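Residue numbers (the numbering used here), protein chains in the order written: chain A, 63 to 224; chain B, 63 to 224. For every residue, glycine included, the Cβ atom is placed at its ideal position computed from N, Cα and C. These numbers were taken from a predicted model, which means no experiment stands behind them. Heads up: the structure comes next, in structure tokens.
2 protein chains.
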Amino acid sequence: MARALSVVGERWTMLIMRDAFLGTRRFDQFQSNLGITRHRLSERLGKLVEHGVLVKVPYHDRPVRYEYRLTRKGLGLYPVLMSLARWGDEWMDKGEGAPLEYVHQTCDNKIRPTLTCSECGEPLRPEEVKPQLGRALQEIAAQLENGGESLEDIPSLLKWSM
Amino acid sequence: MARALSVVGERWTMLIMRDAFLGTRRFDQFQSNLGITRHRLSERLGKLVEHGVLVKVPYHDRPVRYEYRLTRKGLGLYPVLMSLARWGDEWMDKGEGAPLEYVHQTCDNKIRPTLTCSECGEPLRPEEVKPQLGRALQEIAAQLENGGESLEDIPSLLKWSM
């Protein structure tokens, strides 16, 4: 997750991504929608392109002009953005209701995005999900143990995965 | 979402929240797990308490010592963190596999957290979900139209909800 956050762990970056999911593609549109400075927008867009979350595609010749489109990696952030939007709507509403509502065109209902288990389909509750070390961290934990160090707990082992 | 990001739209804040979900509660534990400066940690924890995401609870008298626990509002961020972790695992893996795996104790399977529709249960794909203006933004759009202004599109109307 630390690596993920190095790409998207920042307010402006996430707001740019929301705009991209709503269909914004051009520099000037992002700028006017978000009220962000050109310098800051340019820096954030550059980072998203560098990490392969957006791709810069020419849409006009002479002068050449570019637009920014979501890649598959970028589209993969959809659950993050939708979960964050739902959380904001539930916990930070000032009595005006959600700014946006979402209709699932497959079933034609207004929806709440819900995080569920890929295997049984039930909503995931933190108290029912047990984290365990993946292979790489298991090996690190074993090395620490062999070296005579006391076995560390999961949160402290995570620094080895950054 | 902009309001949500004013609380959690930042790398360290999200890493603190991940640690809290993994069971970390005390200042010194957060500090040693994350390798963050005391000043920065103190500032970020203070903000999370101020926004009601964490609550500061005394666990020791003379001297009084506090720990930080997730509130219900904080627990509500679980889907955001799980979605972000899954995205990092899928798109930013360096060949070592996921640092953490998750077992759903209800069904006893290793899982991938999956964002689904609250109504039909199908996974949500961005191209099948249509955003529409909520009540407050509908009213703003109507006012703009009555004032003779051209009706703005969804991304540009969102600035009115910040």
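Between the segment 147-164 of chain B and the segment 145-155 of chain A, do three or more beta carbon pairs fall short of 8 Å?
-> no
Mark A:Ala-204 as exposed unless 16 or more other C-beta atoms lie within 10 angstroms of its C-beta, in which case mark it buried.
-> exposed
Which of the three DSSP states, helix, strand or coil, is assigned to B:Gln-167?
-> coil
How about B:Pro-120 and B:Arg-131: are their beta carbons less than 8 Å apart?
-> no
Three-way DSSP call (helix, strand, coil) for A:Glu-112 in this model = helix
Can you list, in chain order, the stretches of the alpha helix (DSSP H) that have 4 or more residues and sit fully within the segment 131-162 of chain A?
-> 134-137 and 140-153
Measuring CB to CB, does A:Ser-68 end up less than 8 Å from B:Pro-161?
-> no
Euclidean distance between Cα positions of B:His-166 and B:Leu-103 = 31 Å
Just curious, the alpha helix (DSSP H) that B:Pro-217 is in, first and last residue?
-> 216-219
Bounding residues of the alpha helix (DSSP H) (the contiguous stretch that carries A:Thr-75) = 73-83
Closest Cα partner of B:Ile-173 within the set A:Pro-193, A:Leu-110, A:Phe-92 and A:Thr-168 = A:Pro-193
According to DSSP, which residues form a beta bridge with B:Glu-129?
-> B:Val-119
Candidates B:Phe-89, B:Pro-185 and B:Glu-72: which alpha carbon is nearest A:Ser-180's?
-> B:Pro-185
Measuring CA to CA, which of B:Ser-94, B:Phe-89, B:Glu-214 and B:Pro-125 is closest to B:Glu-201?
-> B:Glu-214
Relative to chain A, which residues along the segment 109-141 of chain B have a C-beta separation below 7 Å, given in chain order?
-> Lys-135, Leu-137, Gly-138, Leu-139, Tyr-140 and Pro-141
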